[in-house]
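Notes to accompany the following structure.
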Amino acid sequence: MTQLALVIDLNVCVGCQACVTSCKEWNTSGEAGSLADVHPYDADPSGTFFNRVQTYESGVFPHAETIHFPKSCLHCEEPPCVPVCPTGASYKRKEDGLVLVDYDKCIGCKYCAWACPYGAREIDEARKEMTKCTLCADRIHNEALSERDRKPACVLACPTSARLFGDIHDPESEVSRTIHERGGYQLMPEWGTRPSNHYLPRSKTGEAGCASEACACRSQTSESSTHDRREAMEGAR
């Protein structure tokens, strides 16, 4: 069975927010309808986003580093948000593995948001409907678009190519090969949700700040970064 997903390279994400803005732009004009902004020009703006980038620091000087961590729905293969929905609005689509919301059935009860351990769902306060990343479901299968454009908006907008998109169940796909070759991992696999989206681990920074592709340190992952990633995710829930 096809399972579409993202693979995100934490080594090259620069936290530019291009994925965030392109996601909101596409989905505001798409089938999700307008996504609410709450006091967008105030000192503490907020609103509805399908994708967010969290930025935090890891390590201590002189080996501290800034980590940009994109977060959205992981389109789990065992999504806990689906069985708790009392109306069947939250569902997993068989043909491509996407976890979606039927807005006509959603009553805004927030059960799915409470069930999601990743904090990936947000209530649209203006419409009182639950929203989430759809991997641009209304775009990736749109034959009116060129084949190149049939990708999630965030993937096309990323200036560093930190985001890959494809079928992780196809062993010959770029995403599957990348996961295998570079040690791609699932976020918090101990929860048993089997997230489809994968992350490529950050390389361990050498004492001289080595970033060379030829350096052996790039093949090692940082235990402290992994610990900090977990703390950041727990804090975002």
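Residue numbering for the sequence shown is 1 to 237, as defined by the UniProt record's numbering.
Just so you know, even glycine gets a beta-carbon here, dropped at the ideal spot from N, CA and C.
Note that this is a predicted model, so its numbers are computed, not measured.
Looking only at DSSP bridge pairs, what is residue i linked to?
i    : result
I67  : Y56
F165 : L6
T131 : E122
S72  : N51
S146 : Note: S146 sits in no beta bridge, so no partner.
Reducing DSSP to helix, strand and coil, say where residue i ends up.
i           : result
H198        : strand
E213        : Model confidence at E213 stands at a pLDDT of 43, short of 50, so the residue's coordinates are unreliable; what they give is reported in the following sentence. E213 falls in the coil class under three-state DSSP.
K24         : helix
V14         : coil
L156        : helix
residue 239 : What the structure shows of the chain is the stretch from 1 to 237, and residue 239 is not part of that stretch, so it cannot be assessed.
Y103        : coil
Could you name the residues of the same chain whose beta carbon sits closer than 7 Å to that of residue i, not counting the 5 residues immediately before and after it, in chain order?
i    : result
A157 : A18, C19, S22
A214 : With a pLDDT of 37 at A214, under the threshold of 50, the predicted position of this residue should be treated as unreliable, though the coordinate-derived value follows. Within the same chain, A214 has no close Cβ partners at all.
If I measure Cβ to Cβ from residue i and keep anything under 8 Å in the same chain, skipping five residues before and after, which residues do I get?
i   : result
F61 : none
E78 : G192, T193, R194
H68 : L10, C13, V14, G15, V53, Q54, T55
Within 10 angstroms of its Cβ, does residue i collect 16 or more other Cβ (buried), or is it exposed?
i    : result
K24  : buried
E190 : exposed
K110 : exposed
I168 : buried
R121 : buried
E142 : The sequence shown places Asn at residue 142, rather than the Glu named in the question. It counts as exposed.
G184 : buried
V14  : exposed
R139 : buried
For residue i, tell me which candidate among the options has the shortest Cα-Cα distance.
i    : options                : result
L164 : P171, E172, D170, T178 : T178
A113 : P83, E95, G97, K94     : P83
S72  : S196, P201, T28, R202  : S196
E95  : I123, P201, Q3         : Q3
R93  : P159, H68, A137, Y118  : A137
P70  : D9, L98, L135, C76     : D9
T87  : L200, V155, K105       : K105
T134 : S161, V99, V155        : V99
R202 : A5, T28, N51, S58      : S58
Once you ignore the five residues that flank residue i on each side, which residues in its own chain have a CB closer than 6 Å to its CB?
i    : result
Y103 : E129
A115 : P80, C81, V84
V175 : V7, L164, G166, I168
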